[in-house]
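Everything on this sheet refers to the single structure shown next.
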Ligand SMILES: Nc1ncnc2c1ncn2[C@@H]1O[C@H](COP(=O)(O)OP(=O)(O)OP(=O)(O)O)[C@@H](O)[C@H]1O
Ligand SMILES: [Mg+2]
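In my numbering, the protein residues as written are 1163 to 1486.
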């Protein structure tokens, strides 16, 4: 058994848009996308608007057929074995779709459970379990769905995806439009689910959020993969510099040259009592080498500040690289 729960291989998808009776236009949404999702991880699929994320999410969850290529989820092919895929995958496509407005959240979940073939008793039991899991309070049982806040809708959408206790969860922008607290609640929930062994594929545009929760990111742009890896690995691969700000009692002449000769420096400058260094390489190694140099100068350090590149920096660098 492989340790990859989702395998995407060379997937292509072109939409045909009809404009009038005779005229047709084609949109190449995916132009040969490949990547793998390791079991038990939170894997983020990123990319600008129109990159093809939702198209891919729909293909993975058997809502849309690919034109070419292959997607396997837990070993099941999305084209040849869609029923098996649906059995093992829970999907959240649009947090406020797929619910009956006049029914309560609980009733919606039970109804969905019945559709999925659960007995009434099992559907009710499972609905209770998942509502507890996503932290929806007692009142959510009675209130009709139309009175739910967006934060509650996001949580109940995830609860619905969990009704069949799937091993894999696929979520398209689950925090879209949520306030700070609700977005955090959703993030915490995804981390909790991941710890309990679920494999999660999530899309989004908030890099700060994604960086906090994901173990791996795949960045797509115009239907092709432009970067893939652990966030830290990506920053290294893309050669993003770390910024180190040293506050010193004095900055001796020639220290810049010394630093340059021992560390791969991108830029180095002085600002009052601060020496600001932009360097490439692993943080530990760069910091170690810098401290060694300062020790040789016998320079007391007043303060050190290390600013690491963010996932957002890596994301922008990857997209720029792809444009060039
Ligand atoms: N049903 C459709 N018919 C025609 N074109 C479509 C359809 N759905 C998506 N597209 C086009 O396919 C491309 C990829 O769209 P997709 O929705 O997959 O992007 P996305 O990465 O999810 O974007 P966003 O971040 O805005 O959600 C876009 O150019 C989009 O306009
Ligand atoms: Mg989308």
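Glycine is no exception: its CB is placed at the ideal position from the N, C-alpha and C atoms.
query: Which two residues bound the contiguous beta strand (DSSP E) that contains residue 1410?
result: 1404 to 1410
message: Beta-carbon distances below 7 Å to any heavy atom of ligand 2 define the shell here; list its residues in chain order, please.
response: 1215, 1216, 1334, 1335 and 1365
query: residue 1185 bridges to which residues according to DSSP?
result: 1181
- prompt: If you measure from the CB of residue 1177, is any heavy atom of ligand 1 nearer than 7 Å?
  reply: yes
task: Let me know if residue 1467 comes out buried or exposed under the rule of 16 or more other beta-carbons within 10 Å of its beta-carbon.
output: exposed
message: According to DSSP, residue 1467 sits in a beta bridge with which residue or residues?
response: 1407
Closest by C-alpha distance to residue 1335, when choosing among 1205, 1419 and 1171: 1205
task: Confirm, please, whether the CB-CB distance from residue 1325 to residue 1292 is below 8 Å.
output: yes
Same chain only: Cβ atoms within 7 Å of residue 1459, ignoring 5 sequence neighbours per side: 1414 and 1417
- prompt: Is the segment 1221 to 1238 close to the segment 1261 to 1275, with three or more CB pairs under 8 Å?
  reply: no
- request: Give the secondary structure of residue 1292 by DSSP, where H, G and I count as helix, E and B as strand, and everything else as coil.
  value: helix
query: Taking 7 Å as the cut-off, does the CB of residue 1191 come closer than this to any heavy atom belonging to ligand 1?
result: yes
- prompt: With a cut-off of 8 Å, do at least 3 Cβ pairs link the segment 1363 to 1381 to the segment 1402 to 1412?
  reply: no
message: At a cut-off of 7 Å, would you count residue 1368 as near ligand 1, judging by its Cβ distance to the nearest heavy atom?
response: no
task: Kindly list the residues whose CB is nearer than 6 Å to the CB of residue 1390, restricted to its own chain and excluding five residues on each side of it in sequence; keep chain order.
output: 1197 and 1380
query: Regarding residue 1359 and ligand 1, is the C-beta to nearest heavy atom distance less than 7 Å?
result: no
message: Do residue 1316 and residue 1344 count as a contact pair if the criterion is CB distance below 8 Å?
response: yes
- prompt: Where residue 1163 and residue 1266 are concerned, what is the direct C-alpha to C-alpha distance, given to the nearest angstrom?
  reply: Residue confidence is low: residue 1163 scores 48 on pLDDT, short of 50, so the model does not pin down where it sits. Its coordinate-derived value is still stated next. Going from the Cα of residue 1163 to the Cα of residue 1266 covers about 41 Å.
message: According to DSSP, is residue 1166 part of a helix, a strand, or is it coil?
response: strand
field: For residue 1308, three-class secondary structure by DSSP
entry: helix
Check: residue 1480 C-beta below 7 Å from any heavy atom of ligand 1: no
task: Taking residue 1165 as the reference, give the member of 1202, 1423 and 1304 with the closest Cα.
output: 1202
message: I'd like the ranges of any alpha helix (DSSP H) spanning at least 4 consecutive residues and lying wholly in the segment 1371 to 1403.
response: 1393 to 1399
- prompt: Excluding sequence positions up to five away, which residues of its chain have a Cβ less than 7 Å from the Cβ of residue 1161?
  reply: No statement about residue 1161 is possible, as the shown extent of the chain runs from 1163 to 1486 and does not include it.
- prompt: Beta carbon of residue 1211: closer than 7 Å to some heavy atom of ligand 1?
  reply: yes
task: Hey, could you find the ends of the alpha helix (DSSP H) residue 1269 is sitting in?
output: 1267 to 1277
query: What whole-angstrom Cβ distance do residue 1276 and residue 1288 have, given they're in contact under 8 Å?
result: Residue 1276 to residue 1288, Cβ: 11 Å. No contact.
task: Count the other CB atoms, across all protein chains shown, that sit within 10 Å of the CB of residue 1426; report buried if there are 16 or more and exposed otherwise.
output: exposed
message: Output needed for residue 1310: all residues of its chain with C-beta closer than 8 Å, excluding positions within five of it in sequence on either side, in chain order.
response: 1267, 1302 and 1318
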